[in-house]
Amino acid sequence: MMKEEAKRVGFAALSFGSDLTKDVNKKQLEFIRPKMESLDERLADMDRMGVDIQAISVSPYQFYYWAEPEPGRAAARMINDSIAGAVAEHPDRFVGLGSVPLQNTEMAVAELERCVKDLGLRGVEIHSRVGDDELSAPRLEPFFAKAEELGILIFIHTAGYSHTDRLTEHYFLNIIGHPMEATMALSHLIFDGVMDRHPGLKICVAHGGGFLPSYAGRMDHAYHARADVRDGLPLPPSEYLKRFYFDTMVFEPDQLEYLIKKFGSDHILLGTDYPYDMGDDDPLGLLGRVPGLDEAAHAAIQGGNAAQLLKLDI
Numbered sequence: 004m005m006k007e008e009a010k011r012v013g014f015a016a017l018s019f020g021s022d023l024t025k026d027v028n029k030k031q032l033e034f035i036r037p038k039m040e041s042l043d044e045r046l047a048d049m050d051r052m053g054v055d056i057q058a059i060s061v062s063p064y065q066f067y068y069w070a071e072p073e074p075g076r077a078a079a080r081m082i083n084d085s086i087a088g089a090v091a092e093h094p095d096r097f098v099g100l101g102s103v104p105l106q107n108t109e110m111a112v113a114e115l116e117r118c119v120k121d122l123g124l125r126g127v128e129i130h131s132r133v134g135d136d137e138l139s140a141p142r143l144e145p146f147f148a149k150a151e152e153l154g155i156l157i158f159i160h161t162a163g164y165s166h167t168d169r170l171t172e173h174y175f176l177n178i179i180g181h182p183m184e185a186t187m188a189l190s191h192l193i194f195d196g197v198m199d200r201h202p203g204l205k206i207c208v209a210h211g212g213g214f215l216p217s218y219a220g221r222m223d224h225a226y227h228a229r230a231d232v233r234d235g236l237p238l239p240p241s242e243y244l245k246r247f248y249f250d251t252m253v254f255e256p257d258q259l260e261y262l263i264k265k266f267g268s269d270h271i272l273l274g275t276d277y278p279y280d281m282g283d284d285d286p287l288g289l290l291g292r293v294p295g296l297d298e299a300a301h302a303a304i305q306g307g308n309a310a311q312l313l314k315l316d317i
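Per our numbering, residue 4 is the first one in the sequence shown, and the count goes up by one each step.
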């Protein structure tokens, strides 16, 4: 995929200005490839990290939203069959999150149903935008309606940022771009009414939900101060933000403590971003360093919340 095409479809994997960054990424790929291809290596790392069950999904750079609909559907089916196969090999260690070709809503809805009803996958992973469309685009309404009907988990994982000109150096595309992209996606889902129309949606957002959970007061202030912000939105934005789930990928105990206090221990899930260098190799250690976390909250975040959302019988 050429750099121009990557930008057009909302992926910015190639938008790095630094040769050093390109070299680091190349070396990282050599390191992580076996972990992404070998279930045995993954299981060994899970044992080392103290992870009993892992939700597995593809890298967000494998959504293939840039493809024409039919090849996109074929790619999603191959991915989902492969994930289902891995789960079948180790049903006590893995639970699967599928992929859907959101470039065509009808195909995405059909593949979502196949994932759940035929393959036994417990949810799907999606990007924060689809080409030029925000997730709140009207054409995607049937997808969210079907996800709500099926009661499955939607996991939003970003892949860079759609406007990259100021983010090419210092790995800003990841450091700033990923949380900014999540912030934009959640804001559209809230302000464009998706969360209001579909109160039963179960959406978990990677990287602690991006920047928005830490600065939600600004949008609430705007809601009360400006008619154009609250137009069509019955509740303050933060009320919809509380319906999302967030992973623990925030790196610092005090930041995780804030998320837990703000959104509740029942809305936080253990995350790893495995096997990337921007992941957390000791997620249980981070959770253990959060001050004042009682046993019930610890158990919920460690696995209870995920078990409930993914309908695991454990």
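Every residue, glycine too, gets a C-beta built ideally from N, C-alpha and C. None of the values given here were measured: they were computed from a predicted structure.
Between which residues of its own chain and residue i is the CB-CB distance below 6 Å, once the five residues before and five after are set aside?
i: Tyr226; result: Val232, Arg233, Pro239 and Pro240
i: Glu114; result: Ala79 and Val103
i: Gly306; result: none
i: Gln31; result: Asp280
i: Ala309; result: Leu272
i: Ile321; result: Nothing can be reported for residue 321: it is not among the residues displayed for the chain, which extend from 4 to 317.
Roughly how many angstroms separate the alpha carbons of residue i and residue j, rounded to a whole number?
i: Ser62; j: Val293; result: 29 Å
i: Pro145; j: Leu23; result: 43 Å
i: Tyr67; j: Gly75; result: 6 Å
i: Leu289; j: Glu255; result: 7 Å
i: Ile206; j: Phe214; result: 16 Å
i: Glu298; j: Ile317; result: 18 Å
i: Val127; j: Ala89; result: 16 Å
i: Ile86; j: Ile56; result: 14 Å
i: Cys118; j: Gly101; result: 6 Å
i: Asp43; j: Gly274; result: 20 Å
i: Asp257; j: Ala300; result: 16 Å
i: Ala162; j: Met252; result: 15 Å
i: Thr167; j: Met183; result: 11 Å
i: Glu71; j: Met198; result: 29 Å
i: Phe158; j: Ile129; result: 6 Å
i: Arg125; j: Ile155; result: 6 Å
i: Asp26; j: Ser41; result: 24 Å
Opposite residue i in the DSSP bridges: which residues?
i: Arg132; result: Glu137
i: Gln57; result: Phe97
i: Phe249; result: Val208 and Ile271
i: Val3; result: Only positions 4 to 317 of the chain appear in the structure, and residue 3 is not among them; the question remains open.
Report all residues from its chain with a CB closer than 7 Å to the CB of residue i; omit the five preceding and five following residues, and keep chain order.
i: Ala111; result: Val103, Pro104, Leu105 and Phe146
i: Ala303; result: Ser268 and Asp269
i: Ala228; result: none
i: Gly235; result: Gly196
Cβ of residue i within 8 Å of any heavy atom in the ligand GTP?
i: Met187; result: Although the ligand GTP was asked about, the structure shown includes no ligands whatsoever.
With a threshold of 8 Å on Cβ separation, who are the neighbours of residue i within its own chain once the five nearest residues in sequence on each side are excluded?
i: Asp96; result: Sequence inspection shows Arg at residue 96; the Asp mentioned does not correspond to that position. Leu46, Met49, Asp55, Ile56 and Gln57.
query = Using 8 Å as the threshold, is the region 178-192 in touch with the region 27-43, meaning 3 or more CB pairs across them?
reply = no
query = Mind pulling the beta strand (DSSP E) runs of 3 or more residues that sit fully within the region 148-209?
reply = 156-159 and 205-208
query = Which whole runs of the alpha helix (DSSP H) in the region 61-117 are 4 residues long or more, in chain order?
reply = 72-92 and 108-116
message = Give the list of continuous alpha helix (DSSP H) stretches no shorter than 4 residues that lie fully inside the region 262-312.
response = 286-291, 298-302 and 308-312
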